[in-house]
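In the working numbering, the protein residues as written are 343 to 1017.
Now the structure itself:
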């Protein structure tokens, strides 16, 4: 009994040592702060752990040369805040209009110091619960059937303080430098420590390992002072304007491409870095050779005893010695702090720098562990903007909505509209929504049809990768079919080898909308919710399974999909064909005639005219309708034979016979176009 009491007291003491929160967020970078904002607005119990003394510590160091490549467009010609976020790649989402990044910098490509100030203000002004100087060094699980997910997450910081939480949100980003080990790699300088003073490179010959934006950013900084710069990587250069992926090489950093193609000594090479080797001579010069030349050789014996490629091939491309070699290979996720019980596994292939997660951003190995921000980019790597602020601010909100439904019974936000507003609702969203625009092919608006298609529910920015689980994640039902609204580029328009400036690269006719290349809205119609099996078997490069019907809204040079004939009319007719109904708007006179000539009124007449609802007519509106040929112009007729149009002196029978229901106007009214 004494031993049992003693063991119980130890357990109680151990339990008391854990500080509990429903939600733990690791990292106070942009995604961590965005998650904290939504949790705080919902009144949830949460804490954010940040290892540094301030939020956004990554931006305090990177990019090394301080110029961000995320655009900060001050003017768009519009005052719609949602639309303007399409061209603001730095702001986080909040209710405070003062916390827009354009108030912190007017530069199109802002300085990283402005981002540091912005994140500090975002955390302090919104009073987010961030615990600074707290480095989480170990995360493990504690099984408990009473917990939300069947287990708790146990976290330990550098001071051995323990924390317990029901859900874990990992927002640490990718900050561990990628390093390639090969013979002589000890002579390589890292991007994270190399000098950023161009004068330190004056008159030197430099080799850069890597071909991303950090490599070209480094080259751009020293381009004017070096003898020449060579850049080597295993893959060819990928230009963002060709791939339509913002993580590829941006024009602001591609000066070395000019000097390479215009034969000004600089150059690009392709090769596997693991096959390289570096040998240092007695003058401190670095010579590039191949690993197999060093096999069974004593490299300490000196360079003269080592065979170099130019000894056999005298025009070997990298035969000139280098003064410096710089590694610019990007970053990867830090897996070291996670216990094996969490099964946090790296992805495969080119996604191995990210943890494996589901399209819902939940870990594949552990329920209740969600990955946010840059580290979640495996969901849309090289496809969309999920690895960058202007993308993951929306995916973070989506994760929050999933959690609200799962743990607190709060369904995904939705709005109910009558079916007559279907066309207008879609047109409004594709012209304004920033989440659809930035996270193209990843987030979609969902329209759930109610019984008999008399009304619909509109859900915004749902992850299409978990469409089959929509009813579970949103708390909504889809018994009568659904529409999925998504933004897409043309199927064969993006790629490192694509010429995106070819003649006739854009289409303008509605009948050729399916051939649109540039970003444009696509509407998928399903009579029932797709299954998980259908999602797995969807065609390559398709974000969704084959629908029962599909409609492309033709691309637009101004990204303004409001043209009545090119955009709205084809969309309306597509929706009418899917629903077997008439979605046009009618004047009261038309609805009156339909009541006598049709067995079923169009929805607009059912929900408007038949319920004594609609716009009050005016002389200007009536004149416009008459000029457009939508109504008979009664003002030109003397109803009584000698009185004004509004006179009641004439015969009622004559009025009905001559003007109220004439044969020609009836046909004209039935074929009326949109009001």
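No residue lacks a Cβ here, since even glycine has one placed at the ideal position from N, Cα and C.
Residue range of the beta strand (DSSP E) that residue 1018 falls in? With the chain running from 343 to 1017 in the structure shown, residue 1018 is simply not present.
Entirely within the stretch 881-955 and at least 3 residues each: give me those beta strand (DSSP E) ranges in chain order. 891-894
Taking just the CA atoms, how far does residue 533 sit from residue 573? 14 angstroms
Evaluate contact between the stretch 764-784 and the stretch 903-923, counting only Cβ atoms and requiring at least three cross-stretch pairs below 8 angstroms. yes
Residue 400 - DSSP class collapsed to helix/strand/coil: helix
Have a look at 791, 844, 798, 832 and flag the residue whose alpha-carbon is nearest the alpha-carbon of residue 822. 791
Work out the CA separation of residue 371 and residue 547 for me, nearest whole Å. 37 angstroms
For residue 674, which residues of its own chain have a beta-carbon under 7 angstroms away from its beta-carbon, when the five flanking residues on both sides are left out? 516, 518, 520, 695
List the endpoints of the continuous beta strand (DSSP E) containing residue 528. No beta strand (DSSP E) holds residue 528; DSSP gives it neither H nor E.
Opening and closing residue of the alpha helix (DSSP H) in which residue 745 lies: 731-750
Identify the continuous beta strand (DSSP E) that holds residue 620 and give its terminal residues. 618-622
Who are the near neighbours of residue 681 in its chain, counting only those whose CB is closer than 8 angstroms to its CB and skipping five residues on each side? 480, 481, 482, 483
Quick check on the DSSP output: the alpha helix (DSSP H) that includes residue 380 runs from which residue to which? 372-383
Just to confirm, is the Cβ distance from residue 365 to residue 386 under 7 angstroms? yes
Can you tell me whether DSSP reads residue 425 as helix, strand or coil? helix
Looking at residue 932 and residue 896, is the spacing between their C-beta atoms short of 7 angstroms? no
Leaving out five residues on either side along the sequence, give the residues of the same chain with a beta carbon under 6 angstroms from the beta carbon of residue 891. 867, 920
Given a threshold of 16 other Cβ atoms within 10 Å of its Cβ, counted over all protein chains shown, does residue 559 qualify as buried or as exposed? buried
Looking at the unbroken beta strand (DSSP E) that takes in residue 609, where does it start and where does it end? 609-612
For residue 1053 and residue 728, what's the separation of their Cα atoms in angstroms? Because the chain in this structure spans residues 343 to 1017, residue 1053 falls outside the shown range and cannot be described.
Near residue 967, what residues of its chain come up, given a Cβ to Cβ distance below 7 angstroms and the 5 sequence neighbours on each side ignored? 929, 973
With a Cβ-Cβ cutoff of 7 angstroms, do residue 800 and residue 757 count as a contact? yes
Between the stretch 444-464 and the stretch 405-422, do three or more beta carbon pairs fall short of 8 angstroms? yes
What would DSSP say about residue 992, mapped onto helix, strand or coil? Only weak support exists for where residue 992 lies, its pLDDT of 40 falling under 50; the value from the coordinates is given anyway. Coil.
Alpha carbon to alpha carbon, how far is residue 611 from residue 598? 13 angstroms
Does the Cβ of residue 814 have 16 or more other Cβ atoms within 10 Å, making it buried, or fewer, making it exposed? exposed
On a CA-only basis, which of 557, 624, 607 is nearest residue 671? Give me that one, please. 557
Inter-residue spacing [alpha-carbon to alpha-carbon] between residue 988 and residue 924: At residue 988 the pLDDT is 45, less than 50, meaning the model places this residue with poor confidence; the figure from the coordinates comes in the next sentence. Approximately 33 angstroms, taken between the alpha carbons.
Should residue 954 be labelled buried (16 or more other beta-carbon atoms within 10 Å of its own) or exposed? exposed
Those runs of the alpha helix (DSSP H) which lie wholly inside the stretch 411-458 and span at least 4 residues: 423-426
Under 7 angstroms Cβ to Cβ from residue 1101, same chain only, skipping five residues before and after it: list those, please. For residue 1101 there is no data in the structure shown, the boundaries of the chain being 343 and 1017.
Taking residue 797 as part of the beta strand (DSSP E), name the residues at either end of that continuous run. 797-805
Taking residue 504 as part of the beta strand (DSSP E), name the residues at either end of that continuous run. 504-512
Among residues of its own chain, excluding the 5 on either side of residue 620, which ones have a beta-carbon nearer than 8 angstroms to its beta-carbon? 524, 525, 526, 527, 529, 530, 628, 629, 630, 631, 667
DSSP-derived helix/strand/coil call for residue 770: helix
Opposing strand residues paired with residue 711 [DSSP bridges]: 510
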